[in-house]
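In my numbering, the protein residues as written are 488 to 669.
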């Protein structure tokens with residue numbers, strides 16, 4: 488009886504150790520900040536344009552005006568998608584504490600209002616532009632917060648940045664009420 492309790496307890500400890508090892512490895516990985524990428528980062532412009540088009544289509548279906556594209560917003564959105572991919576995080580605030588408003592300031596933008604949608608996916612085929620864009624926009628439209636950004640009547644400008652590395656994809660939409668420079 489005593490021996491079986493020892494074996495059971497030892498098995499329990501071993502199981503607990505095995506279960507916690509992946510978590511320990513992940514926390515060490517996060518501390519380093521940068522993960523090696525298996526392939527080069529790509530920015531499929533056709534996919535970005537289709538996400539932009541579908542976003543405006545969703546606005547028009549809801550009797551809102553179309554958003555205007557802005558190259559500075561696209562650049563800021565791409566940088567954030569790249570950053571999420573390179574440093575393996577998924578958040579509106581990056582590991583350095585930079586927010587969407589900070590990303591606008593880096594491009595000398597002075598927006599009255601800022602909004603951001605982000606998406607993370609894996610095992611996607613970014614070469615199927617129409618399907619992938621539909622997955623991204625439909626995903627945003629089924630999330631209350633993301634939908635609110637897309638359908639916010641105050642927003643006037645949009646930049647879409649998509650980063651692909653192998654089958655991994657990150658997408659960022661940056662919304663602004665005005666286009667103005669400092």
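C-beta: ideal position from N, C-alpha, C; glycine also.
Just so you know, these numbers come straight off a predicted model, no measurement behind them.
If you look at residue 539, you'll find it in the alpha helix (DSSP H) that goes 532-548.
Collapsing the DSSP output to three states places residue 585 in coil. The closest CA to that of residue 611, considering only 656, 642, 583 and 562, is found on 656.
Taking 8 Å as the upper bound for CB-CB distance, residue 658 and residue 568 are in contact here, some 6 Å apart.
By the C-beta criterion, the segment 616-632 is judged not to be in contact with the segment 574-582, since fewer than 3 inter-stretch pairs fall below 8 Å.
Judged by DSSP in its simplified three-state form, residue 617 adopts helix. By the Cβ-count criterion, residue 563 is buried, with 16 or more other Cβ atoms from all chains shown falling within 10 Å of its own Cβ.
When the Cα atoms are used, residue 529 and residue 607 turn out to be separated by approximately 15 Å. Excluding residues up to 5 positions away in sequence, 616, 617 and 620 lie with their Cβ nearer than 7 Å to the Cβ of residue 537 in the same chain. In this structure, the CA atom of residue 565 is about 24 Å from the CA atom of residue 640.
Beta-carbon to beta-carbon, residue 555 and residue 643 are separated by about 6 Å, close enough to satisfy the 8 Å threshold. Looking at the DSSP output, residue 648 sits in a beta bridge with 659.
In the structure shown, residue 573 falls within a helical segment according to DSSP collapsed to helix, strand and coil. Using a Cβ distance threshold of 9 Å, residue 638 and residue 601 do not count as a contacting pair.
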